[in-house]
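Some notes on the structure that comes next.
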Amino acid sequence: MKKTLILCAMITTSFAFAQVGINTPNAQSTLDIVGSPNDTTKADGIIAPRLTGNQLAAKDAKYTAAQTGAMVYVTAAAAPTTPKTINVTSPGYYTFNGNIWTTSSNNTGGTLVSYETLISGNTVAYPGNNTSVALDMSIGTGTLASWRINNTTLKVPAGKSGKYLVSFTGGIRVIGDVPSSYSFFIYLNKNGTSLTTGTPGCTIPQTSGAFTSAIFSVSWSEVLDLNVDDTISFSGLVFGASGTPQTFRLSNVSIQKIN
């Protein structure tokens with residue numbers, strides 16, 4: 002009975018003050034934990050979730066912008082690393098910044114080099130089935146604008162060599178019937194050669210008259226070693242098209258320097 006009463010009291014306090022105090026009745030923030038500094042029989046501290054780098058890498062798909070600020074303690078380096086665990090090379094605390102895990106001891110490793118509102122592009126006409134077309138990157142006037150040499154190509158300027166995380170999202174607009182399912186792909190190209198691991202794509206499902214102006218999108222990230230004068234571009238392709246595919250569009254690109 003005593004345990005039940007204590008639990009009810011804690012829940013009531015939490016709702017009344019919208020702040021939680023542990024070992025204190027006067028919480029000074031959302032969560033306020035007071036240790037026992039004078040009690041030598043107890044260890045003080047907070048322990049974050051503990052897992053290996055490989056276990057963290059296996060969860061890559063679960064970490065998106067919604068998990069920004071998440072913290073874990075990695076007990077062993079990731080081997081091999083993935084785009085999101087590229088910095089997980091030793092045991093320690095790591096924080097997720099919305100794109101990659103960064104170590105608390107080196108927060109300068111995630112310098113963002115991109116437009117203030119991310120680079121994006123205008124629509125590109127569907128070129129026909131199984132025909133690749135360059136995607137437009139003409140929209141945006143932030144830092145990354147200095148990399149753009151035309152509407153479809155970025156070039157690494159002097160002094161900007163390094164390892165980068167390149168993240169992008171693009172889509173295809175579909176109208177009307179789709180007699181049979183087909184695939185839409187986006188390729189990330191370095192110096193004109195596709196480097197996109199696994200060629201990220203999506204399936205346009207078979208349907209009858211259901212699509213008035215539907216958008217099917219693809220999002221992906223790749224870690225690239227870039228040198229001065231290397232180029233970055235994107236291309237779209239539809240394979241096995243049916244019905245009347247409409248336009249392609251690159252909705253955003255960000256480039257984040259990670260060392």
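Mapping the sequence shown onto this note's numbering, position 19 (from 1) lands on 20, and the numbers just tick up by one. Heads up, the beta-carbon is just placed ideally off N, CA and C, and yes, glycines get one too. Quick caveat: nothing in here was measured; it's all calculated off a predicted structure.
Identify whether LYS63 lies in helix, strand or coil by the three-state DSSP scheme. Locating residue 63 in the sequence shown gives position 62, counting from the first residue. Residue state, collapsed to three classes: helix.
How should PHE240 be labelled, buried or exposed, when 16 other C-beta atoms within 10 angstroms of its C-beta is the threshold for buried? As a working mapping, residue 240 is identified with position 239 in the sequence shown. Per the 10 Å Cβ criterion, exposed.
So is PHE249 in contact with chain C if we call contact Cβ pairs under 9 Å? Among the chains in the structure shown there is no chain C, since it carries only a single protein chain.
Quick check on SER30: buried or exposed, where buried means 16 or more other Cβ atoms within 10 Å of its Cβ? Position 29 of the sequence shown, counting from 1, holds the residue named residue 30. Per the 10 Å Cβ criterion, exposed.
Could you check the C-alpha separation between LYS60 and PHE97 for me, to the nearest Å? Along the sequence shown, one-based indexing puts residue 60 at 59. Along the sequence shown, one-based indexing puts residue 97 at 96. Taking the straight line from one Cα to the other gives about 12 Å.
6 Å Cβ shell around SER181 - same chain, five flanking residues per side excluded: As a working note, residue 181 is residue 180 in the sequence shown. Within the same chain, SER181 has close Cβ partners GLN207, SER243.
Taking only the alpha-carbon atoms, compute the straight-line gap between VAL254 and VAL167 and give it to the nearest angstrom. Looking up residue 254 in the sequence shown gives position 253. Looking up residue 167 in the sequence shown gives position 166. Computed Cα separation, rounded: 7 Å.
So what does DSSP say about SER37, is it helix, strand or coil? Locating residue 37 in the sequence shown gives position 36, where the first residue counts as 1. Coil.
Is it buried or exposed, LEU32, if we count other Cβ atoms within 10 angstroms and call 16 or more buried? For the purposes of this step, residue 32 is taken as residue 31 along the sequence shown, with counting starting at 1. The residue in question, LEU32, is exposed, as its Cβ has fewer than 16 Cβ neighbours within 10 Å.
For VAL229, does the count of other Cβ atoms within 10 angstroms reach 16, so buried, or fall short, so exposed? Locating residue 229 in the sequence shown gives position 228, where the first residue counts as 1. Exposed, since its Cβ has fewer than 16 Cβ neighbours within 10 Å.
If you measure between the beta carbons of LYS85 and ALA58, is that distance less than 9 Å? Translated into the one-based positions of the sequence shown, residue 85 becomes position 84. Translated into the one-based positions of the sequence shown, residue 58 becomes position 57. Closer than 9 Å, so yes.
Separation of ILE140 from PHE235, as counted between CA atoms: Taking the first residue of the sequence shown as position 1, residue 235 is located at position 234. Taking the first residue of the sequence shown as position 1, residue 140 is located at position 139. So the two alpha carbons sit approximately 14 Å from each other.
On a CA-only basis, which of PHE249, LYS258, GLN257, ILE256 is nearest THR132? Give me that one, please. For the purposes of this step, residue 132 is taken as the residue at position 131 of the sequence shown. The option with the nearest alpha carbon to THR132 is PHE249.
Cα-Cα, which of THR69, LEU52, ASN24, TRP148 is closest to GLY99? In the sequence shown, counting from the first residue as 1, residue 99 sits at position 98. Closest option to GLY99, Cα to Cα, is THR69.
In whole angstroms, what separates the C-alpha of SER195 from that of GLY171? The count along the sequence shown starts at 1 and reaches residue 195 at position 194. The count along the sequence shown starts at 1 and reaches residue 171 at position 170. Cα-Cα distance, rounded: 16 Å.
For my contact list, VAL89 and GLY54 are in at a C-beta cut-off of 8 Å; report their separation, rounded to the angstrom. In the sequence shown, counting from the first residue as 1, residue 89 sits at position 88. In the sequence shown, counting from the first residue as 1, residue 54 sits at position 53. Contact holds; Cβ gap of about 4 Å.
Ends of the alpha helix (DSSP H) at GLY54? Here residue 54 refers to the residue found at position 53 of the sequence shown. First-last of the alpha helix (DSSP H) with GLY54: 54-58.
Looking at the structure shown, is LYS258 part of a helix, part of a strand, or coil, going by DSSP? Translated into the one-based positions of the sequence shown, residue 258 becomes position 257. Three-state DSSP puts LYS258 in a strand.
Note down, in chain order, each residue of its chain lying with its Cβ closer than 7 Å to the Cβ of GLY111, except the 5 sequence neighbours on either side. The count along the sequence shown starts at 1 and reaches residue 111 at position 110. Low per-residue confidence applies at GLY111: pLDDT is 49, beneath 50, and the placement is therefore not dependable enough to give any value.
As a quick exercise: from VAL75, LEU225, ASN130, VAL224, pick the residue whose alpha carbon is nearest that of ALA49. Here residue 49 is taken as the residue at index 48 of the sequence shown, counted from 1. The option with the nearest alpha carbon to ALA49 is VAL75.
Where SER218 and ILE173 are concerned, what is the direct C-alpha to C-alpha distance, given to the nearest angstrom? Position 217 of the sequence shown holds residue 218. Position 172 of the sequence shown holds residue 173. Those two C-alpha atoms are separated by around 7 Å.
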